[in-house]
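K.L.:
Just dropping this structure here.
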Amino acid sequence: MMKNLNFYIKGLEVILEDRLRTEDLHDIFENLENKLVPVLASMENFGIKIDINYFENYKKELQENIEKLEKDIYTLSGETFNIGSPKQLGEILFEKMGIEPVKKTKTGYSTDVEVLEVLALRGIEIAEKLLEYRGFTKLLSTYVEPFPKLADENDRIHTTFNQNGTSTGRLSSANPNIQNIPVRTDEGIKIRKGFISQDGWSLISFDYSQIELRVLAELSKDDNLLLAYKKDKDLHDLTARKIFFKTDEEPVTREERSIAKVINFSILYGKTPFGLSKELKIPVADASQYIKTYFEQYPKVKKFLENILENARKNGFVETLYGTRRYINNINSSNKNLQAQANRMAVNTVV
Numbered sequence: 026m027m028k029n030l031n032f033y034i035k036g037l038e039v040i041l042e043d044r045l046r047t048e049d050l051h052d053i054f055e056n057l058e059n060k061l062v063p064v065l066a067s068m069e070n071f072g073i074k075i076d077i078n079y080f081e082n083y084k085k086e087l088q089e090n091i092e093k094l095e096k097d098i099y100t101l102s103g104e105t106f107n108i109g110s111p112k113q114l115g116e117i118l119f120e121k122m123g124i125e126p127v128k129k130t131k132t133g134y135s136t137d138v139e140v141l142e143v144l145a146l147r148g149i150e151i152a153e154k155l156l157e158y159r160g161f162t163k164l165l166s167t168y169v170e171p172f173p174k175l176a177d178e179n180d181r182i183h184t185t186f187n188q189n190g191t192s193t194g195r196l197s198s199a200n201p202n203i204q205n206i207p208v209r210t211d212e213g214i215k216i217r218k219g220f221i222s223q224d225g226w227s228l229i230s231f232d233y234s235q236i237e238l239r240v241l242a243e244l245s246k247d248d249n250l251l252l253a254y255k256k257d258k259d260l261h262d263l264t265a266r267k268i269f270f271k272t273d274e275e276p277v278t279r280e281e282r283s284i285a286k287v288i289n290f291s292i293l294y295g296k297t298p299f300g301l302s303k304e305l306k307i308p309v310a311d312a313s314q315y316i317k318t319y320f321e322q323y324p325k326v327k328k329f330l331e332n333i334l335e336n337a338r339k340n341g342f343v344e345t346l347y348g349t350r351r352y353i354n355n356i357n358s359s360n361k362n363l364q365a366q367a368n369r370m371a372v373n374t375v376v
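Each residue of the sequence shown is one higher than the one before, starting from 26 at the first, in our numbering.
Right, dumping it as C-alpha cells:
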C-alpha cells in the first residue's frame, strides 16, 4: 500500500513540476513560496501574546453597551423582541412601525446591513441603533470572547497562516483569523490594543504607503502618476485639485482630499458611478463626472484597466506581476451583475 502511495506521489510530483515550468511559475515556487514556509511555521509556533485581563475588561464594556442599545431599541420599537431574528425585526420595522421597506427576500423583509444603512441615511434612529448593536455583538462574539479562550498557558494565540488561502495570492489566517480585526472604528482599535509584546520587547506596526496606487503607476506607466511618486507628491491632493478645479495656490480642504482618496482607490477597484455616489453620498451625475475627470488626469490608467479586461475576456484568466494566474469565471457572462463582479475581480487581482 505504501509503495503504491509513494509511486502516485512521485508521479504527481513529475506532473506538477512540469506544469510549474510550462507556466513559468517554477522560480516563484522555489524562491518565494517554498522559502516562506519555514517563516510562517515559526510565526505560528511562536504565536502572539495577548493581555487576558484587558480582554476580560473590554468584554464587560461591550456587554454594557449592548445592553444599553437593547433597551434603546425596545423603547423605540415599543416592545421587546428577538433582535437577532430577521423575521421578528422585519415585522417590527416594516409592519408595526410602518417604515417603508427597502427590499424583500423569499422569506420576507430584508434587514441586512445594506438595508439598515439605507434606513439610517433616512434619519431613522432605530436603524442607527441596530447597526451599532450588530457591530458590538460581532466584535464580542468573533474576537473579544474567543481570544482569551484560545490563548495557551503563556497567554499566546497561535493562528494558522494559509499561504494559498486567497485567490489573489495574499495570506489569510484562521483559528483565529487575526488578519481581519477592524481598524476603522474606535472599538476595533481597542481590540488591537489587547495584543502586547513580551517583556523587554516592542510590537512595531508599519505599512506600505499607497502600495496599490504605486503598483498601478508602475504597471500602467501613466506619466502623471509616475511623476507624482517620483517627486514625492501627495497623490490624493493632486487628484483633489483636478476634480475640484483648484489652482496650485488654492488650499485643498480635508474633506476634498478625503473624497479624492476614495476616488483614487474606487477607480482601482472598478467602482461604478452608482457605487461611488453611494459611498460618497452624492448624486450619480457628480460621481460620473469625478470618474471622467480622474481618467482625464491619468489617461494611461484607463487604457491599462481596459487592457486587463480585454485580455481576461480573451484568455479567461489574468496574471499578477509575478506571473501567477487567476482564472476569472463569468468574465464573458451575459448577466451584467456577474460580469461586473468578474471585472472587479480581474482588476483587483492584477493590481
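Even for Gly, the Cβ is constructed at its ideal location relative to N, Cα and C.
1. Span of the alpha helix (DSSP H) holding R239?
2. Nearest to D76 by CA position, among R351, V277, E280 and F220, is which residue?
3. Nearest-angstrom Cα distance between E92 and R369?
4. Just grab the DSSP bridge partners of G133 for me.
5. Take I108 as the anchor and find which of E157, S313, S67 and V62 has the nearest alpha-carbon.
6. What are the boundary residues of the alpha helix (DSSP H) that includes N340?
7. Out of E116, D259 and P324, which one is the CA nearest neighbour of D248?
8. Check this for me: beta carbons of Q188 and L65, under 8 Å apart or not?
9. Return the chain-ordered list of same chain residues with a C-beta closer than 8 Å to the C-beta of Q364, the five sequence neighbours on each side being excluded.
10. On the DSSP letters alone, give me the boundaries of the alpha helix (DSSP H) that F290 sits inside.
11. By the three-class DSSP mapping on this structure, what secondary structure does S197 have?
12. Please go through the same chain and pick out, in chain order, the residues whose beta-carbon is closer than 7 Å to the beta-carbon of S135, but skip the five residues on each side of it.
13. Between which two residues does the beta strand (DSSP E) harbouring N355 extend?
14. On the DSSP letters alone, give me the boundaries of the beta strand (DSSP E) that T185 sits inside.
15. From the DSSP output, in three-state form, read off K74 for me.
16. Taking the alpha-carbon positions, what's the E212 to N340 distance?
17. Would you report the Cα separation of D257 and K131, rounded to the nearest angstrom?
18. Quick check: the stretch 163-181 against the stretch 71-85, are at least 3 beta-carbon pairs closer than 8 Å?
19. Roughly how many whole angstroms lie between the Cα atoms of L94 and L155?
20. Who are the near neighbours of Q235 in its chain, counting only those whose CB is closer than 7 Å to its CB and skipping five residues on each side?
21. Tell me whether F220 sits in a helix, a strand or coil according to DSSP, three-state version.
22. Report the three-state DSSP secondary structure of V138 (helix, strand or coil).
23. DSSP three-state call for I182: helix, strand or coil?
24. Consult DSSP for V376 and reduce its assignment to one of helix, strand or coil.
25. Taking Cβ to Cβ, would you say P298 is nearer than 8 Å to A285?
26. If you drop the 5 nearest sequence neighbours on each side, which residues of the same chain put their C-beta closer than 6 Å to that of F320?
27. Does T349 pass the burial test, meaning 16 or more other C-beta atoms within 10 Å, or should it be called exposed?
28. Ignore the nearest five residues each way along the sequence and tell me which others in E281's own chain have a CB closer than 7 Å to its CB.
29. Go ahead and label G148 buried or exposed: buried means 16 or more other beta carbons lie within 10 angstroms of its beta carbon, across all protein chains shown.
30. Closest to Y294 by C-alpha separation, out of L330, D180, K215 and V169, would be which residue?
P.N.:
With the structure as the only source:
1. I236 to S245
2. F220
3. 40 Å
4. T130
5. E157
6. P324 to N340
7. P324
8. yes
9. N355, I356, N357 and S358
10. R279 to L293
11. strand
12. V127, K128 and K129
13. Premise fails: N355 is in no beta strand (DSSP E) and is neither H nor E.
14. T185 to N187
15. strand
16. 44 Å
17. 53 Å
18. yes
19. 8 Å
20. L260
21. strand
22. helix
23. strand
24. coil
25. no
26. K327
27. buried
28. A265 and F269
29. exposed
30. L330
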